Amino acid sequence: MQPRTLTGKLVIASHNPGKVREIEDLVAPFGLEVVSAGELGLPEPEETGTSFAANAELKALAAAIGANLPALADDSGLVVPALGGAPGIYSARWAGPDKDFSLAMARVKRELDAQTATEIRNGSGAGAHFVCALALAWPDGSVEVFEGRVEGELTFPPRGDRGFGYDPIFLPRGDTRTFGEMDPAEKHGISHRARAFAQLKRRLEDAL
Numbered sequence: 040m041q042p043r044t045l046t047g048k049l050v051i052a053s054h055n056p057g058k059v060r061e062i063e064d065l066v067a068p069f070g071l072e073v074v075s076a077g078e079l080g081l082p083e084p085e086e087t088g089t090s091f092a093a094n095a096e097l098k099a100l101a102a103a104i105g106a107n108l109p110a111l112a113d114d115s116g117l118v119v120p121a122l123g124g125a126p127g128i129y130s131a132r133w134a135g136p137d138k139d140f141s142l143a144m145a146r147v148k149r150e151l152d153a154q155t156a157t158e159i160r161n162g163s164g165a166g167a168h169f170v171c172a173l174a175l176a177w178p179d180g181s182v183e184v185f186e187g188r189v190e191g192e193l194t195f196p197p198r199g200d201r202g203f204g205y206d207p208i209f210l211p212r213g214d215t216r217t218f219g220e221m222d223p224a225e226k227h228g229i230s231h232r233a234r235a236f237a238q239l240k241r242r243l244e245d246a247l
C-alpha cells in the first residue's frame with residue numbers, strides 16, 4: 040500500500056481539551072491546520088477495544104470518516120502492575136462522567152492501600168507506566184498505529200497543577216518531579232505521547 044499524503048487539515052479525534060493541546064503542540068511544526076472532533080461536533084465512538092491501540096484505531100477511523108479528513112487519535116492511560124494493570128484502558132472511565140481525575144487518583148490510592156505490601160500501602164514503591172497509542176487514519180479506512188511508553192512510579196498526595204489526568208501522581212523514572220509539576224514543554228520531551236509521536240513524526244515527514 041502506498042503511503043497516504045497528509046496536507047492541509049488534520050482532525051484530532053478527541054474531546055479532551057488537555058489532550059488536544061498536547062497533540063496540537065506536537066504537530067505544530069508540520070504546519071497542519073488542526074481542528075478537534077469536539078469542535079466539529081463529531082460524536083465520541085464507544086471504546087470497545089481491548090487495547091490502547093484498538094481504541095485509538097476506533098476513534099481515528101470514526102473521526103476520519105465522519106469529517107472526511109485525515110484524523111489522529113490518541114488512546115493512553117496509566118498502567119499499575121500492582122493493580123493487575125488497572126486502570127489501563129479504563130483510565131478515563133475511572134474519572135467518571137465529569138472527567139474528574141481527582142476522583143480517579145483517589146481511587147488508585149484507595150486500591151493500592153488495599154494491597155498487603157507495606158511499601159504499597161504507604162504510597163511508595165508502586166511502579167507504574169503510561170502507555171500511548173497514536174492512530175493516524177484516512178477516510179478510505181486505512182490506519183497506522185504508533186506506540187510509546189514511559190516508566191515511573193506513583194506518589195501521593197498528588198503534586199502539581201500542570202498537565203492533566205493522572206500527571207500529578209506520576210513520577211517519571213529518574214526525576215523527582217511529577218508530570219503535574221513539569222513545564223509542559225519538558226514533559227512533551229519525555230512523555231509516552233512524545234515517544235509515540237517520535238515514531239509518528241517519521242511517518243508525517245514522509246506524508247507531507
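Take 40 as the starting number for the sequence shown in the working numbering and just add one per residue. Even glycine gets a Cβ: it sits at the ideal position worked out from N, Cα and C. From a predicted model like this one, the values you see are computed outputs, not experimental measurements.
8 Å contact criterion, which residue i and residue j should meet: CB distance rounded
i    : j    : result
P29  : R216 : There is no way to answer for residue 29, as the model of the chain reaches only from 40 to 247.
V182 : A99  : 6 Å
A76  : A95  : Between A95 and A76 the Cβ distance is about 13 Å, and since that is not below 8 Å, they are no contact.
V50  : V74  : 6 Å
G47  : E72  : 6 Å
E186 : A92  : 6 Å
A153 : A121 : Between A121 and A153 the Cβ distance is about 10 Å, and since that is not below 8 Å, they are no contact.
F236 : L117 : That pair is no contact at about 18 Å.
R232 : E220 : Not quite, the Cβ-Cβ distance comes to about 17 Å (not below 8 Å), so this is no contact.
Proximity to residue i [Cα-Cα], best of the options
i    : options                   : result
R188 : E61, R201, R234 and K58   : R234
A143 : Q154, L151, P178 and A131 : A131
A172 : V147, I128, D64 and A153  : I128
V59  : S115, A167, I104 and G191 : S115
A110 : D200, G180, Y205 and G219 : G180
N107 : E225, A52 and D245        : A52
N55  : F140, A103 and A125       : F140
V119 : H168, I104, A176 and A102 : H168
E192 : G202, G204, A176 and R212 : R212
A81  : T89, S90, A101 and F69    : Correcting the residue identity first, residue 81 is Leu in this sequence and not Ala. Of the candidates T89, S90, A101 and F69, the one whose C-alpha sits nearest the C-alpha of L81 is A101.
F195 : F218, D245 and G70        : F218
P178 : G57, A103 and A237        : A103
E61  : R242, P126 and P223       : P223
G57  : F203, L79 and G228        : F203
E190 : A176, V184, I229 and D200 : I229
R146 : P68, E225, G70 and Y205   : Y205
A174 : R201, G70 and L239        : L239
A97  : E225, G124, A176 and P68  : For the record, residue 97 in the displayed sequence is Leu; it is not Ala. Of E225, G124, A176 and P68, the residue nearest in Cα terms is A176.
G105 : P126, P68, L79 and A125   : L79
R241 : H227, K148 and V184       : V184
Sheet register partners of residue i (DSSP bridge)
i    : result
R188 : V170
S115 : C171
A110 : V50 and A176
P126 : V118
V182 : A176
V147 : The partner list for V147 (beta bridge, DSSP) is empty, contrary to what the question assumes.
S75  : I51
Any non-hydrogen atom of the ligand GDP closer than 8 Å to residue i Cβ
i    : result
R132 : Because no ligand of any kind appears in the structure shown, any question about the ligand GDP cannot be addressed here.
Inter-stretch contact (C-beta, 8 Å, three-pair minimum) for the segment 130-141 and the segment 73-85: no
Complete beta strand (DSSP E) runs within the segment 194-241 (minimum length 3 residues, chain order): 209-211
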